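Here the sequence shown is numbered in my numbering, starting from -15 and rising by one per residue.
The structure appears below as structure tokens.
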Amino acid sequence: YNHTVASGIEPGSTFKLVSAVAALEDKLIELTDTIDTGEGKAQYDDWEISDDAAYGKIPFKKVFARSSNVGMAKLISEGYGEMPERYLEHLRRFGFMEPANNQLVGEPEPVIHEPGDEMWHITTLPSMAYGYSIKVTPLQMAAFYNALANNGTYVRPWLVKSVQNNAKVVKEYEAEVSPAPVCSDSTIEKVKELMVEVVNNGTARYAFRNMPFQVAG
């Protein structure tokens, strides 16, 4: 049983990058625009979102670097509250509406709720913003991050290049590459800047101290 392929999980804060790409693509935010995270708490119906600390009003770059749940929830719920389908269109383009691979058995369908579903609630969209109320596999998350590292080119994960029988090739496979990039070049550059900030001054600053090269994460 390969958990990377077969376990559908709530990805948590790793999904904040997905939300950041969507918001930047739709020009809902710029890196220097501020979001008021207040005292580190936000209320949606009877459900409360909280941060590790009260960050107050901070630039989006710091919202991302400090992994603010409140900041991301506000950005996505306010930006897509009247058009949640637009946010879901991005998830579809990013490869989250279907299994990531065509070769390995056991990968489950992603669990992504949509307006009109029994599970859709006022809390769903702000919760999705930072990786909850959805289920995807680690493989799907890795494929998305890989697309950004590839400057927007999404490559479907694959393992088998060819099948042979006594040195005779029975079947060959080639990499499946998305015909269009997952996002624009300008968004790619901005999210790379966000991810470098996570490592230099954010939640990963202790993990990558004194590296001899620049790290984005």
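Don't be surprised by glycine CBs; every beta carbon is placed ideally from N, CA and C.
Note that the structure is predicted; figures quoted are calculated from it, not measured.
Secondary structure of residue i, DSSP reduced to three states
| i | result |
| --- | --- |
| GLN87 | coil |
| PRO(-5) | coil |
| ARG76 | helix |
| GLN64 | The question names Gln, but residue 64 is Tyr in the sequence shown. Here TYR64 sits in helix by DSSP. |
| GLN211 | This structure does not reach residue 211, given that the chain is present from -15 up to 201, and the question cannot be answered. |
| LEU1 | helix |
| VAL166 | coil |
| ASN130 | helix |
| ARG189 | coil |
In DSSP terms, what residue i is bridged to
| i | result |
| --- | --- |
| VAL139 | VAL161 |
| ASP20 | LYS41 |
| LYS119 | VAL95 |
| GLN27 | GLU32 |
| VAL147 | LYS155 |
Proximity winner among the options, relative to residue i (alpha-carbon distances)
| i | options | result |
| --- | --- | --- |
| SER168 | ASN184, ARG77, VAL47 | ARG77 |
| SER61 | TYR157, SER162, ALA188, LEU12 | LEU12 |
| PRO165 | VAL182, ARG140, ASN185, GLU181 | ARG140 |
| GLU158 | ALA200, GLN148, VAL144, ARG193 | VAL144 |
| ALA133 | TYR116, ASN149, GLU173, HIS105 | GLU173 |
| LEU59 | LEU109, VAL175, ILE96, ASP36 | LEU109 |
| LEU178 | SER3, ASN(-14), ALA(-10), SER(-9) | SER3 |
Closer than 7 Å to chain B by CB, residue i
| i | result |
| --- | --- |
| MET125 | Going by chain labels, chain B is absent from the structure shown, which holds only one protein chain. |
*Could you say if the segment 84 to 100 and the segment 50 to 59 meet the contact criterion of at least three C-beta pairs nearer than 8 Å?*
Here the segment 84 to 100 makes no contact with the segment 50 to 59; the two share fewer than three CB pairs at distances below 8 Å.
*Taking three-plus beta-carbon pairs below 8 Å as touching, is the segment -9 to 11 in contact with the segment 118 to 134?*
In short, these stretches touch, since the Cβ pair count reaches three.
_Quick test of the definition: if touching needs 3 or more C-beta pairs under 8 Å, does the segment 67 to 76 touch the segment 15 to 24?_
No, the segment 67 to 76 does not touch the segment 15 to 24.
*Would you call the segment 179 to 192 and the segment 32 to 49 in contact, with 3 or more CB pairs under 8 Å?*
For the pair of segments examined, the segment 179 to 192 was found to touch the segment 32 to 49: the number of CB pairs separated by less than 8 Å reaches three.
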